[in-house]
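Worksheet: one structure, shown below.
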Amino acid sequence: MTNIYDRFSGASAFCKRISILSLLAVIFSIFFIAAVPAKSSAESQSQPVFKVVPVSERPFFEDDLDFGQLEEAISGSIAYYQKLPAAKQFFFGKDTFSAGHLIRSLKRFQAFIKRKPSQKELSAFIDQHYHVYAHMKNGAAKPVLFTGYYEPLLHGSLNQTEAFRYPVYQRPGDLVTLDLSDFSDGCSEKMVIGRNDGNTIVPYYSRQQIEAMAIPGISALPIAWVNDPVDLFFLQIQGSGKIRLENGTMINVHYQISNGHPYKSIGKYLIDKKKLSKEKVSMQSIREYLNAHPDEVDEIFNYNPRYIFFETVEKGPIGCFNIELTPGRSVALDRQTAPAGALVFIQAEKPKVNTSDKIQAWVRFSRFLLNQDTGSAIKGSGRADIFWGSGTYAELAAGYMKHPGQLYFLVLKPDEMVESCR
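What the sequence shown shows, in the numbering used here, is residues 28 to 449, in sequence order.
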């Protein structure tokens, strides 16, 4: 997450003097408390980095999957837009489109793919009816680094035992958030996370402090207890997952809030410490190293002070826009640059595995996805994180995917509005 002082170095005096009593120290704390985007307007704030791609420079629009799950993912974005004011604006570079227009755009696309068109028919349909946007450089779409994430499965219990002793915490009662936009328009789009300490708001406890449990007054209650600290750490990295209880019952858990500390990659830590090579680092190699060196686990985990608190949900996983994610059809982008819920087309690489679930090769593929999530490590228009779902293939793809590709946004042309409503 971006540190709050990066955003407010030129803020008004009012922003630096929020209150007299308990909030007097907030701005002092700004230099120590991590910030998160406020939900009020972040979804519409796309920087003008995207440009319309001329038809002559567009890719051939084809998809490596059937359209069933794509229709589901589109329905999720439509439902998201329908909860917003129809006039709410979303930025695609310098162009803006209302939520109402984006609903029509997705419905038009959804209606067309229901016909099961050929790839040639689909590409021609897009060229005729849709604007295509990309981060352009020297007349071509700028490369995007693609990674992946998945929904892990953990084993747990509702009671702490010798076998199940690692807590999956829900939001603590002493954790507070402060939306600075409540105090001044100049402080929009930022919240601070901390806790009350007398008349002062101070940073919330770090990972090391939380896990040490040497904290008087902490009020975080466990949702469940799991049997593996490494699995729990990766659950926090992924942001959501399932916990299978001893009686077979499944609990869906989802990111609720963080402790406000910045995310620091333990993969980078292991590379810097020459524990792993940059070429071989992956989720799987990190897990193998941790399992082989249990005496180093605490030190490595504590390098990342960020800690995630969870909530239970009926369905899952849920993205940051409260949209249920669709495996292979949902993608996480930077919500400061990419319009929420938007239809996306990508060209990237995916793993090809053998019958032993080993990656044999990486093959090119093209696919339509929906921007339905974000992540603390997903910053700028040059990053994208594909949600692969759950299971062995999903874990492999998420663990090893780190490949360049291209990404485009699709929006129905404004002059197609009347026709799309017929």
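For every residue, glycine included, the Cβ atom is placed at its ideal position computed from N, Cα and C.
Should the region 366 to 382 be called in touch with the region 101 to 113, which here means at least 3 C-beta pairs below 8 Å?
yes
Are there 16 or more other CB atoms within 10 angstroms of the CB of F117, so buried, or fewer, so exposed?
Along the sequence shown, read from residue 1 onward, the residue named residue 117 stands at position 90. Buried, because 16 or more other Cβ atoms sit within 10 Å of the Cβ of F117.
Contact belief for Q374 with P86 at Cβ below 8 Å, rounded distance in angstroms
Taking the first residue of the sequence shown as position 1, residue 374 is located at position 347. Taking the first residue of the sequence shown as position 1, residue 86 is located at position 59. Right, the Cβ-Cβ distance comes to about 6 Å (below 8 Å), so this counts as a contact.
Given that a residue counts as buried once 16 or more other Cβ atoms are within 10 Å of its Cβ, and exposed if not, what is D209?
Counting from 1 along the sequence shown, the entry for residue 209 is found at position 182. D209 is exposed by the Cβ-count criterion.
So, are the CB atoms of I264 and L272 less than 8 Å apart?
Within the sequence shown, numbered from 1, the residue matching residue 264 stands at position 237. Within the sequence shown, numbered from 1, the residue matching residue 272 stands at position 245. No, they are not a contact pair.
Rounding to the nearest angstrom, what Cα-Cα distance links N331 and V80 in this structure?
On the sequence shown, position 304 is the one that residue 331 refers to. On the sequence shown, position 53 is the one that residue 80 refers to. In a straight line, the C-alpha of N331 is about 40 Å away from that of V80.
Name the DSSP bridge partner or partners of I183?
Here the question's residue 183 lines up with position 156 in the sequence shown. Here the sequence assigns Gly to residue 183, which means Ile is not the residue at that position. Its beta-bridge partners are V253 and L272.
Go ahead and label D400 buried or exposed: buried means 16 or more other beta carbons lie within 10 angstroms of its beta carbon, across all protein chains shown.
Translated into the one-based positions of the sequence shown, residue 400 becomes position 373. When all chains shown are included, D400 counts as buried.
Completely contained beta strand (DSSP E) runs for the region 350 to 396, where each covers 3 or more residues
357 to 359 and 370 to 380
Hey, would you say L423 sits closer than 8 Å to D384, going by beta carbons?
Sequence index remark: in the sequence shown, residue 423 carries index 396 (1-based). Sequence index remark: in the sequence shown, residue 384 carries index 357 (1-based). Yes, these two residues count as a Cβ contact at 8 Å.
What residue range does the alpha helix (DSSP H) around L434 cover?
Along the sequence shown, read from residue 1 onward, the residue named residue 434 stands at position 407. Per DSSP, L434 belongs to no alpha helix (DSSP H); it is in the beta strand (DSSP E), K429 to L439.
Contact belief for N329 with V257 at Cβ below 8 Å, rounded distance in angstroms:
Within the sequence shown, the letter at position 302 stands for residue 329. Within the sequence shown, the letter at position 230 stands for residue 257. N329 to V257, Cβ: 14 Å. No contact.
Entirely enclosed beta strand (DSSP E) segments - the region 154 to 211, minimum 3 residues:
157 to 164, 171 to 176, 180 to 184, 193 to 196 and 202 to 206
With H, G and I counted as helix, E and B as strand and the rest as coil, what does DSSP make of G418?
Here the question's residue 418 lines up with position 391 in the sequence shown. G418: coil per DSSP, three-state reduction.
Grouping DSSP H, G and I as helix and E and B as strand, with all else coil, what is D91?
Position 64 of the sequence shown holds residue 91. Correct three-state label for D91: coil.
Count the C-beta pairs between the region 193 to 203 and the region 336 to 353 that are closer than 8 Å, then say yes if the count reaches three, no if not.
yes
Could you please give me the residues that DSSP links to F117 through a beta bridge?
Counted from its first residue, the sequence shown places residue 117 at position 90. Its beta-bridge partners are F124.
Check whether the region 407 to 414 and the region 171 to 188 touch, using three or more Cβ-Cβ pairs below 8 Å as the test.
yes
Is DSSP giving I405 helix, strand or coil here?
In the sequence shown, residue 405 corresponds to position 378, counting from 1. Coil.
When you compare only the Cα positions, how much space is there between P321 and D255?
Mapped onto the sequence shown, residue 321 falls at position 294. Mapped onto the sequence shown, residue 255 falls at position 228. So the alpha carbons of these two residues sit roughly 11 Å apart.
What residue range is occupied by the uninterrupted beta strand (DSSP E) comprising S285?
For this step, residue 285 is matched to residue 258 along the sequence shown. Run containing S285: M277 to S285, per the beta strand (DSSP E) assignment.
Can you list, in chain order, the residues of its chain with a C-beta nearer than 7 Å to that of S184? Leave out the 5 residues immediately preceding and following it.
Here residue 184 is taken as the residue at index 157 of the sequence shown, counted from 1. Excluding sequence neighbours, S184 sits near F191, A251, W252, L272 and E273.
With 16 as the cutoff for other CB atoms within 10 Å, does T123 come out buried or exposed?
Along the sequence shown, read from residue 1 onward, the residue named residue 123 stands at position 96. T123 is exposed by the Cβ-count criterion.
Proximity of Q146 and E89 at Cβ, strictly below 8 Å:
Position 119 of the sequence shown holds residue 146. Position 62 of the sequence shown holds residue 89. Cβ atoms of Q146 and E89: closer than 8 Å.
How long is the line joining the alpha carbons of L149 and I140, rounded to whole angstroms?
Counting from one through the sequence shown, the residue named residue 149 turns up at place 122. Counting from one through the sequence shown, the residue named residue 140 turns up at place 113. Going from the Cα of L149 to the Cα of I140 covers about 8 Å.
Between which two residues does the beta strand (DSSP E) carrying V229 extend?
Numbered from 1 along the sequence shown, position 202 holds the residue referred to as residue 229. Looking at the DSSP string, the run of the beta strand (DSSP E) that includes V229 is T227 to P230.
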